[in-house]
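Peer 1: Residue numbers (this note's numbering): 641 to 795. Using N, Cα and C, we set each Cβ at its ideal position, and we do this for glycine too. Mind looking over this structure? Questions follow.
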């Protein structure tokens with residue numbers, strides 16, 4: 641049993657099936673998800689960030705576009721705020737860094753086939769796993785307030 645280190649600092653048992661599910665949510669077929677996850681052998685204490693990079697590298701050999709989609713997909717809690725204008729998404733600085741994006745960048749925010757073009761703005765009021773957007777954008781994407789969902793943030 642290999643344990644990996646989550647961003648929260650907690651350690652969790654690595655479960656191959658969770659990796660396969662994550663790959664399928666990014667658009668991989670069941671066959672590709674199984675093949676890629678079978679090639680991943682995490683080491684004890686490996687961070688989820690390191691693991692995501694290793695998976696993206698392996699996935700790139702199968703399908704470069706799918707690798708990019710996987711790398712840009714995050715499970716995030718969405719909340720609306722009156723301070724956030726339509727077309728703007730507030731995110732934590734560490735999320736911007738992990739996606740190799742900067743504050744003020746224009747990006748596409750996708751959820752379940754729905755998409756919105758947004759401007760990313762840094763916010764220190766949020767946790768790494770949260771985003772804040774206008775109520776209109778939240779509704780347009782079909783996101784449920786406060787629930788963790790698979791968002792894709794891409795250029």
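#1: Buried or exposed: where does residue 652 fall if 16 or more other Cβ atoms within 10 Å of its Cβ makes it buried?
#2: Thinking C-alpha only, which one of 716, 724, 733 and 722 is nearest residue 790?
#3: Report the three-state DSSP secondary structure of residue 749 (helix, strand or coil).
#4: Do residue 699 and residue 707 count as a contact pair if the criterion is CB distance below 8 Å?
#5: Are the beta-carbon atoms belonging to residue 731 and residue 759 less than 8 Å from one another?
#6: Rounded to whole angstroms, what is the Cα-Cα separation between residue 742 and residue 693?
#7: With DSSP as the reference, label residue 706 as helix, strand or coil.
#8: Tell me the start and end of each unbroken alpha helix (DSSP H) in the stretch 649 to 685 that is at least 4 residues and wholly inside, in chain order.
Peer 2: Quick answer:
#1: Residue 652 should be labelled exposed.
#2: Relative to residue 790, the option among 716, 724, 733 and 722 whose CA is nearest is 716.
#3: Correct three-state label for residue 749: strand.
#4: Going by C-beta atoms, residue 707 is nearer than 8 Å to residue 699.
#5: With contacts defined as CB atoms closer than 8 Å, residue 731 and residue 759 fail to qualify as a contacting pair.
#6: C-alpha separation (whole angstroms): 19 Å.
#7: Residue 706 falls in the helix class under three-state DSSP.
#8: You should have 656 to 665 and 670 to 678.
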